[in-house]
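The structure appears below as structure tokens.
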Amino acid sequence: NTIVMRVLRDMNLSKLIDEDEPLFMSLINDLFPGIVLDKAGYPELEGAIGKHIEESGLVNHPAWFLKVIQLFETQRVRHGMMALGPSGAGKTCCIHLLMKAMTECGEPHKEMRMNPKAITASQMFGRFDVATNDW
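Residues -8 to 126 in the working numbering are what the sequence shown spells out, letter by letter.
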């Protein structure tokens, strides 16, 4: 039960707007009564993120720091991501700062931007060959 609860929470929480998070957590708690999850900690990564926030001259705002951690957790289970939000929300800073922190922690990452209007869907996502079961 704990694993299912953690997966539901971790895979959906970062996709919600702030106003919907309490309702979602209430639903999760109703589905799994009596189970309390501890916060997944990443001490080395969190230290590197804090260091890069200071070096970049950014404000270490807890809500933004949480979004960086959520981005990290999302990229661990997804093959690709899109960062959506209004201009000036910190999407690019969040992505670049996480890449720097992960590189410092021994997990270098590279950003690859694609214009979906310039390439076909099969070029972007790949395609499945039904004859050979190859992707």
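Where is the CB? At the ideal position from N, CA and C, for every residue including glycine.
Could you please give the first and the last residue of the uninterrupted alpha helix (DSSP H) stretch that includes residue i?
i, result
"MET90", "82 to 95"
"THR65", "53 to 68"
"MET16", "12 to 22"
"HIS43", "34 to 47"
"VAL(-2)", "-7 to 4"
From residue i to residue j, what distance separates their C-alpha atoms?
i, j, result
"ASP1", "ALA74", "17 Å"
"GLY76", "PRO107", "18 Å"
"ILE(-6)", "GLY71", "23 Å"
"GLU64", "ARG(-3)", "12 Å"
"GLU45", "THR83", "16 Å"
"ASN20", "GLU35", "29 Å"
"ALA92", "ASP120", "37 Å"
"GLN66", "THR94", "14 Å"
Which one of the options has the shortest CA to CA distance from residue i?
i, options, result
"ASP116", "GLY97, MET105, ASN124, LEU57", "Note on residue identity: the sequence assigns Phe, not Asp, to residue 116. Of the listed residues, the one whose Cα sits closest to PHE116 is MET105."
"ILE86", "LEU57, ALA109, VAL27", "LEU57"
"LEU28", "GLY38, GLU37, MET16, ALA109", "MET16"
"ALA39", "ARG118, HIS100, MET90", "MET90"
"ASP9", "TRP55, GLY32, ASN51, ILE26", "TRP55"
"ILE26", "VAL59, ASN(-8), LEU7", "ASN(-8)"
Any idea which residues DSSP pairs residue i with across the strands?
i, result
"ASP125", "ASP120"
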